[in-house]
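What follows is one structure encoded as structure tokens, with my remarks underneath.
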Amino acid sequence: MEQIGKVFRQLRESRNISLRQATGGQFSPSMLSRFETGQSELSVEKFLFALENISASVEEILFLARGFHYDTDSELRKEIIDVLDPKNIAPLEDLYRKEYQKQTHSQNKQKHILNAIIIKSYMKSMDERVELTAEEGKVLHDYLFSTEIWGNYELNLFSVSSPLLSVSLFTRYVREMVRKSDFLMETKGNRNLFHTMLLNGF
140 MEQIGKVFRQ LRESRNISLR QATGGQFSPS MLSRFETGQS ELSVEKFLFA
190 LENISASVEE ILFLARGFHY DTDSELRKEI IDVLDPKNIA PLEDLYRKEY
240 QKQTHSQNKQ KHILNAIIIK SYMKSMDERV ELTAEEGKVL HDYLFSTEIW
290 GNYELNLFSV SSPLLSVSLF TRYVREMVRK SDFLMETKGN RNLFHTMLLN
340 GF
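Okay, so the sequence shown: first residue is 140 according to the working numbering, each after it adds one.
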């Protein structure tokens, strides 16, 4: 949290916004100052309010706080794009094997298998014979059907992996998507992804 406070201060000062302007009168400037210097924390409500007042997003803050590195999902997409070659599937196959092997020694096996599924979906676009293994199909099913609220990650995961699903399975997943993504449909990105999925599927 200390690093986030420091980044918040850098963004605020770079935009010539005072502590008082950032708090908007909702809490004391001294409280925000202590947050910026790592002396105390802010509630989520106050933090989001202050973010809005300096015209910054959570994604922007996290990107800077990570030292200009994206989250692990963005890093995976970058790795895929870096090796993607429409005429040569081998680099993708290597990336898939490496990612799948990571689950052997990981505390989060599920995450690496889901990453492997994402990579495999790109392989499918180059070779129609590529299919999910029984284990991959089970992990994908168990994750999506056990997650009660589908946000951006779940919608993207389903969207990317859909070419690997049979028509009957795809239909089942769509029903689940409709049921579980109502909460977040007000988010523009999620709503657009939702509509794209329905158009592509039917």
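We put the beta carbon where it would ideally sit given N, CA and C, even for glycine.
| Item | Value |
| --- | --- |
| Inter-residue CB distance, Leu279 and Ser300 (contact presumed, cutoff 8 Å) | 6 Å |
| Inter-residue spacing [alpha-carbon to alpha-carbon] between Ser307 and Phe284 | 15 Å |
| Arg154 beta carbon less than 7 Å from that of Ile200 | no |
| Proximity of Ile351 and Gln242 at Cβ, strictly below 7 Å | Any property of residue 351 remains undetermined from this structure, which presents the chain solely from 140 to 341. |
| DSSP-derived helix/strand/coil call for Phe166 | coil |
| Under the three-state DSSP convention, the category Val269 falls into | coil |
| CB of Phe174 within 7 Å of CB of Leu181, strictly | yes |
| Cβ-Cβ distance between Ile143 and Ala195 below 7 Å | no |
| Under the three-state DSSP convention, the category Arg216 falls into | helix |
| Leu296 at chain C interface by Cβ criterion, 7 Å | Of the protein chains in the structure, only one exists, and it is not chain C. |
| Burial state of Arg318, where buried means 16 or more other Cβ atoms lie within 10 Å | exposed |
| Between the CA atoms of Lys185 and Arg311 - distance to the nearest angstrom | 40 Å |
| Short Cβ contact (7 Å threshold) for Leu158 with Ser172 | yes |
| Neighbour-count burial assignment, Ile258, 16 or more Cβ in a 10 Å radius | buried |
| Beta-carbon gap between Leu303 and Asn254 smaller than 7 Å | no |
| Through-space distance from Ser245 to Ala229, alpha-carbon basis | 25 Å |
| Selected residue, minimal CA-CA separation from Gln165, among Glu232, Gln240, Glu191 | Glu191 |
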